[in-house]
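S.K.: Residue numbers (my numbering): 104 to 319.
Just so you know, even glycine gets a beta-carbon here, dropped at the ideal spot from N, CA and C.
The structure that follows is given in the form of structure tokens.
Take a look at the structure:
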């Protein structure tokens, strides 16, 4: 894969945010989409999970049923086989995935970036969106780099310069989401703030109250 600018991946017709739940089981997608969530990611960490392919198939079906944008994390072969709306890939996966096949299948691509160099690599792919993280400490995933913080997020957003939608991810919850949102990021991804919420509908409403941009 060269660093030459490549043909763009498809855009997300409905925009991306402002809230982007990342969940580890399709049952969360079944709960979130009827509540109006527009974009969601299925991230199953165990590639040997006995229900992996079945969950991906069901996630794709639910996305079509609710006219939502469902991204499959990592498992690009299964996403390609079953016609997923989108795939989210980390830097390591970008090196091995058949990006041309994904592009030709009209599958949207989201990429993870953790450093300025990774951001440049992601932008060179002309993706559907770029994710920037982790912003705050998070226990949901082992990270090889330290938290970037809000100031570094803003620098990365200046680099993107509005060319692609941006997603802030990592340790974001109701206590810090306002500071993240003020950077001008397109969307915030949340994990535990949704999956560990005592009241899911209340949590979504609380985020909706904070994720308002009058200039939009």
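So, with DSSP's three-state summary, where would you put residue 185?
M.R.: Of the three classes helix, strand and coil, the one that applies to residue 185 here is helix, per DSSP.
S.K.: In whole angstroms, what separates the C-alpha of residue 179 from that of residue 309?
M.R.: Going from the Cα of residue 179 to the Cα of residue 309 covers about 33 Å.
S.K.: Among all the DSSP beta bridges, which residues are the ones paired with residue 124?
M.R.: DSSP output for residue 124 lists 293 as bridge partner(s).
S.K.: Three or more C-beta pairs under 8 Å: does that hold for the segment 199-219 against the segment 110-128?
M.R.: Touching, yes, given that three or more Cβ pairs across the two stretches are closer than 8 Å.
S.K.: Which ranges would you report for the alpha helix (DSSP H) in the segment 223-282 if only whole runs of at least 4 residues count?
M.R.: The qualifying runs are 252-263.
S.K.: Quick check: what's the CA-CA separation for residue 292 versus residue 198?
M.R.: One C-alpha to the other measures close to 24 Å.
S.K.: I'd like to know if the segment 133-153 and the segment 245-260 are in contact, where contact means that at least 3 CB-CB pairs between them fall below 8 Å.
M.R.: Judged by Cβ distances under 8 Å, the segment 133-153 makes no contact with the segment 245-260, as fewer than three pairs qualify.
S.K.: Could you check what DSSP says for residue 310 in three-state terms: helix, strand or coil?
M.R.: Three-state result, residue 310: helix.
S.K.: Short check: CB of residue 307 to CB of residue 138, under 7 Å?
M.R.: Cβ distance < 7 Å, so residue 307 and residue 138 count as in contact.
S.K.: Would you say residue 175 and residue 268 are within 7 Å of each other, going by their C-beta atoms?
M.R.: For residue 175 and residue 268, no; Cβs fall outside 7 Å.
S.K.: Does the distance from the C-beta atom of residue 158 to that of residue 129 stay below 7 Å?
M.R.: Closer than 7 Å, so yes.
S.K.: Ends of the alpha helix (DSSP H) at residue 130?
M.R.: Segment 129-135, the alpha helix (DSSP H) holding residue 130.
S.K.: Output the boundary residues of the alpha helix (DSSP H) element that contains residue 166.
M.R.: Taken as a continuous stretch (DSSP letters only), the alpha helix (DSSP H) holding residue 166 covers 155-168.
S.K.: Thinking just about the alpha-carbon of each residue, which of 263, 200, 207, 238 is nearest to the one in residue 223?
M.R.: Nearest C-alpha to residue 223: 263.
S.K.: Expressed to the nearest angstrom, what Euclidean distance is found between the alpha-carbon atoms of residue 201 and residue 311?
M.R.: So the two alpha carbons sit approximately 36 Å from each other.
S.K.: Give every residue of the same chain whose Cβ lies closer than 7 Å to the Cβ of residue 261, excluding the five residues on either side of it in the sequence, and list them in chain order.
M.R.: Closer than 7 Å at the Cβ level, and outside the excluded window around residue 261, lies no residue.
S.K.: Quick one, which of 253, 217, 206, 218 has its alpha-carbon nearest residue 231's?
M.R.: Of the candidates 253, 217, 206, 218, the one whose C-alpha sits nearest the C-alpha of residue 231 is 206.
S.K.: Quick check on DSSP: helix, strand or coil for residue 217?
M.R.: Correct three-state label for residue 217: coil.
S.K.: In chain order, what residues of the same chain have a beta carbon less than 8 Å from the beta carbon of residue 233, not counting five sequence neighbours either side?
M.R.: Cβ neighbours of residue 233 beyond the five flanking positions: 213, 214, 216, 222, 225, 226, 263, 267, 268, 269, 270.
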